[in-house]
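Taking it in order: structure first as structure tokens, then the write-up.
There are 2 protein chains.
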Amino acid sequence: MTISKVLRGQADISDATKARVLKRVKELKYIPNISASSLRTGQTRTMGLILPILGEPDLGQVAAGIDHALNEAGYSLVICSSQNDAEIEQRQIEALISLQMDALLIVSTQETTAFFKQEQRIKRSPIIFVDNKPSGTVKHYVGIHEEEVGRVACAHLIGCGCKRVAYLRGPRTVVGDLRSSGYRQGLSDHRLPLLPELLVDNTGSGEPDYTRGYDAMQKLLRRRVPPEGVMAYNDVMAVGAMDAARLHGVRIPEEMCFIGCGNDEQACQMGMPLSSIDIAGQEVGHKAGRLAIRMVASGRKAQTHKVLVTPKLVKRLSSQI
Amino acid sequence: MTISKVLRGQADISDATKARVLKRVKELKYIPNISASSLRTGQTRTMGLILPILGEPDLGQVAAGIDHALNEAGYSLVICSSQNDAEIEQRQIEALISLQMDALLIVSTQETTAFFKQEQRIKRSPIIFVDNKPSGTVKHYVGIHEEEVGRVACAHLIGCGCKRVAYLRGPRTVVGDLRSSGYRQGLSDHRLPLLPELLVDNTGSGEPDYTRGYDAMQKLLRRRVPPEGVMAYNDVMAVGAMDAARLHGVRIPEEMCFIGCGNDEQACQMGMPLSSIDIAGQEVGHKAGRLAIRMVASGRKAQTHKVLVTPKLVKRLSSQI
DNA sequence: ATGAAAGCGCTAACAT
DNA sequence: ATGTTAGCGCTTTCAT
């Protein structure tokens, strides 16, 4: 059909017919059938993203970043959820391949990559891991520099004059370990000793939430010499810690500085404005999207790509010097 | 092909060949091409959901509910975002139709339905509005009974013995107005007068956040007779209000009861466990998903469907009698 | 500048 | 119980 050519903007059509076609297309509210098109071209100009959970603000940022990057290049994004379940993740991968997505982006819930080794070959669709790298070798990965997260937070508190910096650790995951190791680096960068009593590990307590931060802080306050700076795995824990400190009569930030992580809009504005490390979800997503596009454009000839985004310090009242 | 029949579970295949085919399918990691299939059958067994924003916990619940309902019936769900923009919403609708989704579910950002009037006819794909009904006539809608939200919260506080119940109003949207009107109903149900001074309207202040709740509460505390119960548009506002009250020396719940709305896990566990109205996002989503399935199964012969889900009261310490 | 023919992967209907 | 034929809506190639 001539119509197909017009719609794809081929040159060899007279302006007259072009206008005539477009007019009729509008009238009929014609919407092309991508399925049919993909059957011929092998392209849908749509990519799929799998998230471990929906409604998580951080992941929402990542998704938004990917979306922007794709839209800029004329691609669309569709999202689905693995519900934090490896088996469902697997099913979703197949569903998206089945829908002929040009590329897959995954915030994986898997711990190892064994599973994917075989998967990658399934189709020429590139798979890009985002935000959460399963331990093991992975072809394409874009995420945050998690160690840097801990290092920057620690350096900031030290810069605020804190000699004794405490860390309220998060869960025993890859991310948790990296941030914790960044904390240690931050200390040694400034030739400060790592005091075991200041590294509060709340294992077993489950989620890194308000209560966990609160309890951890109480533990710290019982020491003979309290810390001068406190950093937490995430913002909610930091808020819990601040509340515990304030109830204990500690003045913030004069006597004690705090910094969280995640730059959660809500948590950072609860009474005491909380300094935080911005995880730059948007940027991670955008870079991942760009990579995916390059991948399909180059016919996958690119080898291996790893991108680490640098986190950003956001200063607020809780650590004002 | 015989293979096609095996994969679709047709009966007229011997167990021997069936097994042989399935084995080879596994080996080759064959994944069927839904695009091609849909071209023939007109079905993808996939539905599309458009959300105004990604990473919003409430909407995540709704999406999860839809997902469950669809999976139960062997359908898949893909999600995309309208970024709260009517034009993008329009583009996403077309993108999803283009992908041959069997039905569309939309948490719309539109205020009126004029826009959709034409749209509905575009294809036989049913469109179901979820959670947020644009004012005007809409064919299929599933959402929460927003007036009931306000009524139940109000009734609960009155049940706690509060004679003077204050309401910290939300934004001037359809939802905000309905909840507020529910508050009024709750009062009149119990033959209590509506005291204008207890209905705190914080127009202009922007988002219904912590600060807004805090400020609104301070306003209330300056009155000669303070309220005995306080309900807020959402949980964060309630938390802000509780903090303001506590800083003012008010004991919760002995002297003043509080209830929020949304049953936000995080906000409800910040120090003082906050009673809340659960918006039942999961259930709304599930019902919407069920409706969508019925829609496509019945070949759209169903006329008009409106479902209102009843919100649920969650009692916590902030309103313990 | 326009259109006719063929085929992408699949399945409904019909042989065998 | 298995295989054959035709066609879904589109695009690529090749006439005209």
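Protein chains in written order, with the numbering used here: chain H, 2 to 322; chain A, 2 to 322.
Note that beta-carbon positions come from the ideal geometry of N, C-alpha and C, so glycine has one too.
Here the structure is a predicted model, which is why all the values come from computation and not from measurement.
*Does any CB atom of chain H fall closer than 8 Å to the CB of P1/A?*
No information on residue 1/A is available, as it lies outside the stretch 2 to 322 that chain A covers here.
*Buried versus exposed, by CB contacts within 10 Å (16 or more), P312/A*: By 1-based counting over the second sequence, the position of residue 312/A is 311. With 16 or more Cβ atoms within 10 Å of its Cβ, P312/A is classed as buried.
*How many whole angstroms separate the CB atoms of A239/A and A245/A, which I take to be in contact at a CB cut-off of 8 Å?*
Translated into positions along the second sequence, residue 239/A becomes position 238. Translated into positions along the second sequence, residue 245/A becomes position 244. Incorrect: roughly 11 Å between the Cβ atoms, too far for contact.
_In whole angstroms, give me the CA-to-CA distance for Y211/H and R247/A._
Here residue 211/H corresponds to residue number 210 of the first sequence, with the count starting at 1. Here residue 247/A corresponds to residue number 246 of the second sequence, with the count starting at 1. About 18 Å.
_C-alpha gap between L8/A and L23/A, whole angstroms_ = If you number the second sequence from 1, residue 8/A lands on position 7. If you number the second sequence from 1, residue 23/A lands on position 22. Rounded to the nearest angstrom, the two C-alpha atoms are 8 Å apart.
_The alpha helix (DSSP H) that contains Y215/A, what's its start and end?_
Taking the first residue of the second sequence as position 1, residue 215/A is located at position 214. Element bounds for Y215/A: 211–222.
*Between the region 88–103 of chain A and the region 39–47 of chain A, do at least 3 Cβ pairs fall closer than 8 Å?*
Of all C-beta pairs linking the region 88–103 of chain A to the region 39–47 of chain A, three or more are shorter than 8 Å, placing the two stretches in contact.
*Do you know offhand how far Q119/H's Cα is from Y31/A's?*
As a position in the first sequence, residue 119/H is number 118, starting the count at 1. As a position in the second sequence, residue 31/A is number 30, starting the count at 1. Note on Q119/H: pLDDT 49, under 50, position unreliable in the model; no value is reported.
*Classify S83/H as buried or exposed, calling it buried when 16 or more other Cβ atoms lie within 10 Å of its own Cβ.*
Here residue 83/H is taken as the residue at index 82 of the first sequence, counted from 1. Result: buried.
*asked:* Distance check for F130/A and Y142/A, CA to CA, integer angstroms please.
replied: In the second sequence, residue 142/A corresponds to position 141, counting from 1. In the second sequence, residue 130/A corresponds to position 129, counting from 1. In a straight line, the C-alpha of Y142/A is about 5 Å away from that of F130/A.
*Compare the C-beta of Q267/H with all C-beta atoms of chain A and state if any pair is closer than 8 Å.*
The residue given as residue 267/H occupies position 266 in the first sequence. By this cut-off, Q267/H is an interface position.
*C-alpha gap between I128/A and G183/A, whole angstroms*: As a position in the second sequence, residue 128/A is number 127, starting the count at 1. As a position in the second sequence, residue 183/A is number 182, starting the count at 1. Roughly 29 Å between the two C-alpha positions.
*Since L23/H meets chain A, which of its residues come closer than 7 Å, beta carbon to beta carbon?*
Here residue 23/H corresponds to residue number 22 of the first sequence, with the count starting at 1. Simply none; closest approach about 15 Å.
*Between the beta-carbon of D202/H and the beta-carbon of R180/H, is there less than 8 Å?*
Here the question's residue 202/H lines up with position 201 in the first sequence. Here the question's residue 180/H lines up with position 179 in the first sequence. No. Outside cutoff.
*Is the Cβ-Cβ distance between I253/H and N264/H less than 8 Å?*
Along the first sequence, read from residue 1 onward, the residue named residue 253/H stands at position 252. Along the first sequence, read from residue 1 onward, the residue named residue 264/H stands at position 263. Inclusion of I253/H and N264/H in the CB contact set at 8 Å is not warranted, their separation being larger than that value.
*Could you list which residues in chain A have their beta carbon closer than 9 Å to that of L78/H, in chain order?*
One-based indexing of the first sequence puts residue 78/H at position 77. Near L78/H (Cβ distances below 9 Å), the residues of chain A are C81, S82.
*Closest Cβ-Cβ distance between M271/H and chain A: below 8 Å?*
Working through the first sequence from its first residue, we reach residue 271/H at position 270. Yes, its Cβ sits closer than 8 Å to a Cβ of chain A.
*G183/A lies in the alpha helix (DSSP H); which residues open and close that run?*
As a first step, residue 183/A is located in the second sequence; it is residue number 182 there, counting from the start. Here the alpha helix (DSSP H) through G183/A covers 175–190.
*Look at the alpha carbon of L314/H and the alpha carbon of D178/A, and state the distance between them as a whole number of angstroms.*
On the first sequence, position 313 is the one that residue 314/H refers to. On the second sequence, position 177 is the one that residue 178/A refers to. Roughly 39 Å separates the two Cα atoms.
_Closest by C-alpha distance to P194/A, when choosing among I107/A, R291/A, N133/A, I159/A_ = Taking the second sequence and counting its residues from 1, the one referred to as residue 194/A is at position 193. Nearest of I107/A, R291/A, N133/A, I159/A to P194/A, Cα basis: I159/A.
_For H306/A, three-class secondary structure by DSSP_ = Reading the second sequence from its first residue, position 305 is the one you call residue 306/A. Correct three-state label for H306/A: strand.
*Distance, L275/H Cα to V251/H Cα*: Along the first sequence, read from residue 1 onward, the residue named residue 251/H stands at position 250. Along the first sequence, read from residue 1 onward, the residue named residue 275/H stands at position 274. If I take the Cα positions, the gap works out to 15 Å.
*List the residues of chain H whose Cβ lies closer than 9 Å to the Cβ of I35/A, in chain order.*
Walking along the second sequence from the start, residue 35/A turns up at place 34. Within chain H, the residues near I35/A are S36, A96, S99, L100, Q101.
_Identified DSSP bridge partners for K313/H_ = Indexing the first sequence from 1 puts residue 313/H at position 312. For K313/H, the pairing in a beta bridge is given by DSSP as D279/H.
*Under three-state DSSP, which class holds Q119/A?*
The residue given as residue 119/A occupies position 118 in the second sequence. The predicted model places Q119/A with a pLDDT of 49, which falls under 50 and marks its position as unreliable; any figure quoted below should be read in that light. If DSSP states are grouped into helix, strand and coil, Q119/A belongs with the helices.
*List, in order along the chain, the chain A residues whose C-beta lies closer than 9 Å to that of Q62/H?*
Numbered from 1 along the first sequence, position 61 holds the residue referred to as residue 62/H. Neighbours of Q62/H on chain A, chain order: L55, G56.
*Whole angstroms is fine: what's the gap from E296/H's alpha carbon to Y76/A's?*
Along the first sequence, one-based indexing puts residue 296/H at 295. Along the second sequence, one-based indexing puts residue 76/A at 75. The residue you asked about is not Glu; residue 296/H is Met in the sequence shown. When rounded, the distance between both Cα atoms is 30 Å.
*May I have the straight-line CA-CA distance separating S299/H from A293/H, to the nearest angstrom?*
Here residue 299/H refers to the residue found at position 298 of the first sequence. Here residue 293/H refers to the residue found at position 292 of the first sequence. Each residue's alpha carbon lies about 10 Å from the other.
*When the cut-off is 8 Å and only beta carbons count, does D279/H lie next to chain A?*
Taking the first sequence and counting its residues from 1, the one referred to as residue 279/H is at position 278. Not an interface residue.
*Nearest CA to the CA of I89/A: which residue from L78/A, T110/A, V237/A?*
Translated into the one-based positions of the second sequence, residue 89/A becomes position 88. Looking at the Cα atoms, T110/A is the closest of the given residues.
*Identify the continuous beta strand (DSSP E) that holds A17/A and give its terminal residues.*
Taking the second sequence and counting its residues from 1, one reaches residue 17/A at position 16. Not the beta strand (DSSP E): A17/A falls in the alpha helix (DSSP H), residues 16–29.
*Check whether the Cβ of V285/A lies closer than 8 Å to any Cβ atom in chain H.*
Numbered from 1 along the second sequence, position 284 holds the residue referred to as residue 285/A. Not one chain H Cβ lies under 8 Å of V285/A.
*Could you check which residue in G241/H, G230/H, V150/H has the C-alpha nearest to that of Q219/H?*
As a working mapping, residue 219/H is identified with position 218 in the first sequence. The shortest Cα separation from Q219/H among G241/H, G230/H, V150/H belongs to G241/H.
*Taking 8 Å as the cut-off, decide whether the C-beta atoms of Q93/A and I67/A are in contact.*
Taking the second sequence and counting its residues from 1, one reaches residue 93/A at position 92. Taking the second sequence and counting its residues from 1, one reaches residue 67/A at position 66. Contact flag unset, no.
*Could you list which residues in chain A have their beta carbon closer than 9 Å to that of D68/H, in chain order?*
Here residue 68/H is taken as the residue at index 67 of the first sequence, counted from 1. The answer, in chain order, is L55, C81, S82, Q84.
*Could you name the residues of chain A that D132/H contacts, counting a contact when the two beta carbons are closer than 9 Å?*
Here residue 132/H refers to the residue found at position 131 when the first sequence is read from its first residue. By Cβ distance, chain A contributes nothing, its closest Cβ being about 13 Å from D132/H, past 9 Å.
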